[in-house]
Every structure is written in structure tokens, then in C-alpha cells.
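What follows is a set of notes on a single structure, which appears directly below.
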Amino acid sequence: MPETKNNDRVTQVMEAVITCIQKYGIQKVTMDDVADMSGLSRITLYREFGNKQRLLNGVLDYRGQQFNAKIKELILNAKNLEEALEIYFITTCRAAVKDESIKAMVETHYVFQAVLDSKESPLKKSVCDVWIPAIRKSHIERYGHYTMTREDEIEIIDWLIIMQANFSRMTIEANIDEDQIRRYLRRFVIPIFLQQPRADIGSTA
Amino acid sequence: MASSRKTQSDNETLADDLIKAAIKCFDRFSIRKTTVEDICREAKISRPTFYKCFKNKRELILAIAGRETRRLSLAMAKVGRRHKDLRRAFTEVIYFTVCESRKSSVVRFLLNPENLEFTLDVVRNTEDTLMSQHDIGLMPYYEKAERLQLLREGLDVVEITRWLQMLESLLVIYCNASNLNDDELYRIIEKFIVPAILKDNP
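Residue numbers (the numbering used here), protein chains in the order written: chain A, 80 to 284; chain B, 3 to 204.
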């Protein structure tokens, strides 16, 4: 099937981009570097992946999906939404510090552009798939009903991604330790996910 | 007496000139790449004179950051006064801070990805002075919130301030990196930041 062949190629290119980022840095890496590293011709690379920007978006999605698949189990086994979110944020921070390509994207603030500006981001979709059902379940258990609109859901997922990038940034750039991150999470971040949206804020002006 | 006052104000003018020159340099190169010499050349001031005003580049940056924080804090304190509802006041003040910081060339170079690590390092080691200046802006609202028992349980003012300062810089970066518009920014603050600090109004 062409589908699997295509997937193999995507993996091959993504791994090549990651190696190139580690080798040359995110600003300096060029399409030629990626072509050399992946063994594809320049023409094929441009035809199938467009440009550097799209390649970098691709890496973020690729890594993000790998990460979300890995962490799904942990989240499903958590006692409740609070615990699941805490595990998620802490694990993301640890991964961001360890993974050079993600670290580079956090440091250059690239991650904001990539995920939040594009509506079609597969990374965002995989975050939605994990968290919207979890939030719904928690609200129903807590309040007996669920009042979030589709718009509320999208906004809270954006917030989750912003916070994820924020804590990764705090860990990488400001060396804030894990205990402090947990404190911030418990006080200022997780409670938001447990609250129902307020009626007087919900409507768009 | 008169002469000492004169020296004092002379030094202030010098410091002013150096700060202006430094901001120009930092806008052009990164903080790391700018040398004291570059700044002196830009300000047309000799190196020994520089060292009369500031111990080093670090101290100069701190002075710049401190000045800017003070300016923003004083403006912040005014903004919230217009709003009776505390939730609204907090939202407005945070929103104002982010918008003003985005416009500020000082904040822009301090938060530039190339400079960020340096900035955080400088600021972290001198947190207290900058913090207390930041406090001036929101302090009246914290006090009111405490009086009305509207702060969420288990929060203390120092930690809220620290958190908000970090969030504000995050939002500045985020606004600059993405296409977030003013309305969306306001909504984020209203929906996700303020409700983590204040309880629901009864």
C-alpha cells in the first residue's frame, strides 16, 4: 500500500530533520541538509514537504504524536483529571529538556506559531482527542452535567498547549525546579480545567 | 551642598544617556554580543565614566529593567482604579501590562529569544527589587481581594505576583510569535488567568 510506504518516508524525513536540528541548530538548518541526511533528492523533498517551515511543523507534530501515544496509558490510569494533568505537564517538561529538537523549538518560541496558528495541526488534534473526553468526564462527575461549548473546548485546549510550552520554557530557560512547577500547576493551572465556564464570559463580544 | 546636588544630577543624566545608548545597542545586537565599549561609543562617553555609573553591563541591564518595571507599575495602578468589579480590575490590569510591554522596546529586547536566557539570569538573581516594583501595580487590588476574602484558598500574594510576572512575559512572547489579537488576549486573561486567582463573586 502506498500509505505505509509514505509513512515510512515521513518517519525517515522527520528523523533526518531532528538529526539536522541537533547538528546545525534550528535557525541554520537548510532543506539541503535535510535532503542529504535523509537520502532523498532535493526535488522530492520540496515536492512532498514544501519548505523548511512545513518540515519543522511536521517535526513538532511527529514528536507530539509520539509523545501523546506514549503518555496515553499514564493518563488513563490516573485517579482523576487533576492527577492526569499534573502527570502530563511534568512529563512534557522532562521530555522538552531531553529532546534537543523540541528544546530548540521552545527556545526559539517556534512552538507557539506552529501549534496555535495552524487550525489543522495534527498535534493539536491529538491533544484534543486525549483531553476533551477527560474534561467532559470530570465535569459530569463533579457537576452532574456538562456545559462547555465547542468553542470553550477549543479555547481550553489552546490554553493547555500554551501552558505546556510555558512550563517547558520555565524548565529549560529559567531552571525552575519540578517542585515549584507542581506548586504552580496545582494553584494556578489545574483548577481552571475543573471549573465550568462562567456564563458571563462565555459569549464572544 | 549645591555642588553635591549638581554631581548627583550629572550622574543621573549620564546614566540616562548610557541607558538610551544601551537600548539602541541591544536593539541592534544581542545583549551578549554588546560590549561596554559599544555602549560607550554610542553614548560618546568614556569607559571610566561608564564605570562611575554602573559596575558592569549586568548592573546597567538591571537598571533598565527596573526603570521599565517602575514605569509600567505606576501606570498599572491607575488602570484598575476605573473598575469597581475586582475581577474586571484584575483582567484590565493584566491586559494593560501585556499590551504596554509589547509596545515597549525595552521589554522587546529583554524578551527576545536571543537575550532571554541572559535576562532571566539577571532578573532571577535580583528578583526582590524588581518584584517589589511590580507589586506596586497590583498591590491595591490584592489588598482589596484579601479584605473581601476573594482570593482563592491557599494563595499568597508573593506567589501570585511571581506567577503573573512570568505569565505576562509569556503572553508578550506568545502575542509576538502568533497572530493572537487583542480580543483573544483579553479573553484568555479573563477566562483562564483571573479565575485561578479570584473566587467567584457570590
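Where a beta carbon is used, it is the ideal one built from N, C-alpha and C, also for glycine.
- Rounded to the nearest angstrom, the gap between the Cα atoms of Arg142/A and Ala183/A is 13 Å.
- Contact of Leu157/B with chain A is assigned, a C-beta pair being separated by under 8 Å.
- Residue range Lys131 to Leu155 is occupied by the alpha helix (DSSP H) that includes Asn136/A.
- DSSP lists Leu200/B as the bridge partner or partners of Leu153/B.
- Against chain A, a Cβ distance below 9 Å from Ile63/B picks out nothing, because the smallest value is about 16 Å.
- The beta carbon of Cys207/A sits closer than 6 Å to the beta carbons of Ile236 from its chain, once the five residues preceding and following it are set aside; these are given in chain order.
- A direct Cα-to-Cα measurement between Thr71/B and Glu152/A gives close to 45 Å.
- Apart from sequence neighbours up to five positions away, the residues of its chain that approach Glu170/B with a beta-carbon distance below 6 Å are Thr99 and Val100, ordered along the chain.
- CA-CA distance, Asn159/A to His218/A, rounds to 11 Å.
- The three-state reading of DSSP puts Phe191/A in helix, counting H, G and I together.
- Distance from Leu113/B to Glu252/A at the Cβ level is roughly 11 Å; contact not present, criterion being Cβ atoms closer than 8 Å.
- Look at Ala253/A here: in three-state DSSP terms it is coil, with no helix or strand label.
- For Gly223/A, there is no enclosing alpha helix (DSSP H), as DSSP gives it neither H nor E.
- With a cutoff of 8 Å on beta-carbon distance, Cys27/B and Ile41/B are scored as near each other.
- A Cβ-Cβ separation of about 14 Å leaves Tyr125/A out of contact with Asp112/A under the 8 Å criterion.
- By the beta-carbon neighbour count (other beta carbons within 10 angstroms, threshold 16), Gln151/B is exposed.
- In terms of Cβ geometry, Glu61/B and Ala77/B do not form a close pair [threshold 8 Å].
- Taking Asn147/A as reference, the option from Thr171/A, Ala157/A and Glu161/A with the minimal CA-CA separation is Thr171/A.
- Taking the Cα positions, Met242/A is about 18 Å away from Glu230/A.
- Secondary structure at Val108/A: coil, using DSSP grouped into helix, strand and coil.
- Its chain contains Glu70 and Leu74 as the residues whose beta carbon lies nearer than 8 Å to that of Ser106/B, once the 5 sequence neighbours on both sides are disregarded; these appear in chain order.
- The C-beta distance from Leu140/B to Ile199/B rounds to 10 Å, too long to fall under 8 Å, and the pair is not in contact.
- Taking the beta carbon of Asn245/A as reference, the chain B residues within 7 Å of it are Leu172, listed in sequence order.
- Interface with chain A (8 Å Cβ-Cβ cutoff): Lys35/B is excluded.
- Cβ atoms of Val196/B and Arg104/B stay farther apart than 8 Å, at about 19 Å.
- For the pair of segments examined, the region 260-278 of chain A was found not to touch the region 22-36 of chain B: the number of CB pairs separated by less than 8 Å stays below three.
- Considering only Ile96/B, Lys146/B and Glu192/B, the residue with the shortest C-alpha distance to Val81/B is Ile96/B.
- A straight line joining the alpha-carbon of Gly223/A with that of Glu257/A spans about 34 Å.
- For Pro115/B, the closest Cβ of chain A is nearer than 8 Å.
- By the neighbour-count criterion, in which 16 or more other beta carbons inside 10 Å mark a residue as buried, Leu182/B falls on the buried side.
- Within its own chain, the residues whose Cβ lies closer than 8 Å to the Cβ of Cys177/B, once the five positions on either side in sequence are excluded, are Val100, Arg104 and Leu187, listed in chain order.
- With a 10 Å radius around the Cβ and a threshold of 16 neighbouring Cβ atoms, Gly137/A comes out buried.
- Judged by DSSP secondary structure, Phe128/A falls within the alpha helix (DSSP H) whose first and last residues are Arg121 to Phe128.
- Ile191/B is outside the set of residues whose beta carbon lies under 8 Å from a beta carbon in chain A.
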